[in-house]
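Each residue of the sequence shown is one higher than the one before, starting from 34 at the first, in the numbering used here. Glycine residues also receive a C-beta, built at the ideal position from the N, C-alpha and C atoms.
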Amino acid sequence: MTDTPDSPPDYPEATVVPRKRLRLSLAWIVPIAALAVGAALIARTVLQTGPTITITFRTAEGMEAAHTEVRFKEVVVGKVTKVALSPNREQVLVTVKLDKSAERLAVEDTRFWPVRPRVGLAGVSGLGTLFSGAYIGVDAGVSKEDRQLFTGLEAPPPQLRGEPGRSFTLAAQDLGSLDLGSPVYYRRAQVGRVVGYTLDPARDTLAVQVVIAAPNDRLVTPQSRFWNASGIDVTVNANGLTLDTQSLASVVLGGVAFANPADEALAPPAADGQRFELFANHKAALAPPDGPPLRVRMVFDQAQRGLVAGAPVDMLGVEVGAVRSVALTQAPKSDQFPVEVVADIYPLRLGSVRRQFVAPADGAGRADALFMKRAVEHGLRAQVRNGNLLTGQLYVALDFIPKSPAATLDARADPPTIPTVRGTLSDLQPQLADIVSRLSKVKFDEIGSDLQETLRNASAAGNGLQETLTSATAAIRQLTPEAQRTLADVQKTLTTAQATLANLDRNVTHGDAPLQRNFNQALAEMQRAAQALRVLSDYLQLHPESLLRGKPADADPTKPTEGGR
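This is the structure:
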């Protein structure tokens, strides 16, 4: 059989096989649904749960897992989940689970601290925790860097971020009574508080941080002056006793006060963080600028007890400086030990007086020394004077003394020496000693003896007069009646005179008469006064300074003396 080319090939017939379908049993529907619901819950929990952080504290006082809360602005934003010791057992590790809404609190500069009841001089805080228990406070940071491990504070921070107001730094020589929470006053009204202090080794000062709350922070200008208003400022000097305090709170807590100079217009507010000087008191803070001081030296040949460092130096009644030191020195080629006084003088306080002695060509560096040199040539001398008789404080007076010996001042010396004259007290002491010496020479014993002899003579004269009256009475009886009547009147008069003399004898001339006893007592008192004056004269010659300072208290005989130890 022959195939033709046009016929199709012979293929086998295809067979259709049906595909088997996967059949799911109804028993799997419930587990699959439960799995889907669980996955959804897990996803929801993960999406709604905040970060977990760890905070280290020195102690876990009042903190409990699952009970202690974390609060930001008194809103609960998390809870403590675990409290454990650190591996080195020096700290406590507190694990905190934050809410999702508070996840931005877990950043680099966020601060945490425990809130517990605190009692201090600045007040009482955290009383609410007595009922609710301790919790962890939060000060939200502004950083963008996430963080999981934090070092907690042991006390609330002095200033929270976002708190209205501005902070300033005060440079102080010492802290005084200041402490955290000490108030800051303006016109005796509290406008801020002290929030911290640190030592500044670079400047060898103390840096005190203060915060002035808004809107009072605008009162602080670049010209503001701050001073330490702690406690009671008691000053005893040549001007007497001065007491100054801001308030009762500043006596207990310490405090800082500030003011703006009255003669300056109110400037724009000071920048946040600006540095100011903290003066010791109100007077120093508001004093006008003094310029650089001129240190001078004065040598006195008298004892200067009562002249201390800080005593004022005035010129014609104007305070121009203060004493810096008082010390003994030895005079060259002599066995004398004069008193050397070093003082700081501020010539700018003299104003136009200084300008009269200083020429523009002198230059700023030598102008003050040349001013003192020319003033000395015109008779300026230093003299120690009594500033207060009650306290015995002395001060240095710069005055133009008439007819003073010629003297010069070496303006190139360091420090220059101002010529001195003796104080007025040195003239008073010899006069008092001379008066006491004259009183001690009065013979009070002889005066008393002469007075007693005079009284005895008066008594004898009275007795003779009585005898004369008796004789006259006998003669009168022999006279005529008229004369007798006349003489009777005379006799009455004489009798009265006799009674008067008898009374005089009884009260004056008799040894037990009151006047005699009083006079004897007066003589004894005068003798004792003379002895006391002799003792006073001897004591003043040895201790002339006691005219101002008084006699020192006697040593307690029950306590051992220095040499008896």
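Contact check for G456 against R418 passes: the beta carbons are separated by less than 8 Å. When Cβ pairs closer than 8 Å are counted between the two stretches, the segment 199-207 is seen not to touch the segment 180-188, the count staying below three. Non-local C-beta neighbours of D305 in its own chain, meaning closer than 7 Å and more than five positions away in sequence, comprise R199, S200, ordered along the chain. Going by C-alpha positions, I75 is about 29 Å away from Y168. K406 has no beta-bridge partner at all, per DSSP.
For K316, there is no enclosing beta strand (DSSP E); the residue is found in the alpha helix (DSSP H) stretching over 315-319. Annotated three-state conformation of R236 is coil, per DSSP. Looking at F333, G339, Y379, the one whose alpha-carbon comes closest to that of G354 is Y379. Following the DSSP letters along the chain, one finds P147 inside the beta strand (DSSP E) bounded by residues 144-148. Within the same chain, and ignoring the five residues on either side of M331 in sequence, the residues whose Cβ sits closer than 6 Å to its Cβ are V374, A415, I451, T453. In the three-state reduction of the DSSP assignment, N490 falls in the helix class.
With at least 16 other beta carbons inside 10 angstroms of its own, V244 counts as buried.
It is roughly 43 Å from the alpha-carbon of L118 to the alpha-carbon of V224. Contact check for A222 and A262: beta-carbon distance about 12 Å, past the 8 Å limit, so the pair fails to qualify. Nearest to G287 by alpha-carbon distance, out of K316, S257, D323, V227, is V227. Ranked by how close their Cα comes to the Cα of L138, the residues L488, A173, D522, L498 have A173 in first place.
Counting only the Cα atoms, E352 lies some 28 Å from Y219. With a contact defined as Cβ atoms closer than 8 Å, L413 and F433 qualify at about 6 Å.
N314 is not a Cβ neighbour of Q256, given a cutoff of 8 Å. Beta-bridge partners of W260 (DSSP): A290, F312.
Between L182 and P234, the alpha-carbon positions lie close to 31 Å from each other.
When S367, V429, A535, A491 are compared, the shortest CA-CA separation from G350 is found for V429. The Cβ atoms of V110 and D132 sit closer than 8 Å to each other. Closest option to T501, judged by alpha-carbon separation, among Q524, T487, N490: Q524.
T101: not part of any beta strand (DSSP E); DSSP gives it neither H nor E. According to DSSP, residue pairing for V113 in a beta bridge involves V129. Around the Cβ of G497, a 10 Å sphere holds fewer than 16 other Cβ atoms; the residue is exposed.
A straight-line Cα-Cα distance of about 12 Å links M348 and M405. Inclusion of F145 and Q124 in the CB contact set at 8 Å is not warranted, their separation being larger than that value. For Q416, the uninterrupted beta strand (DSSP E) segment begins and ends at 413-421. For T450, there is no enclosing beta strand (DSSP E), as DSSP marks it with neither H nor E.
Rounded to the nearest whole angstrom, the C-alpha separation of E196 and A320 is 34 Å. By the Cβ-count criterion, L484 is exposed, with fewer than 16 other Cβ atoms from all chains shown falling within 10 Å of its own Cβ. Rounded to whole angstroms, L431 and V346 show a C-alpha spacing of 7 Å. Judged by DSSP secondary structure, M96 falls outside any beta strand (DSSP E); it is assigned neither H nor E. Contact between F312 and V372 does not hold, since the beta-carbon distance rounds to 30 Å and is not under 8 Å.
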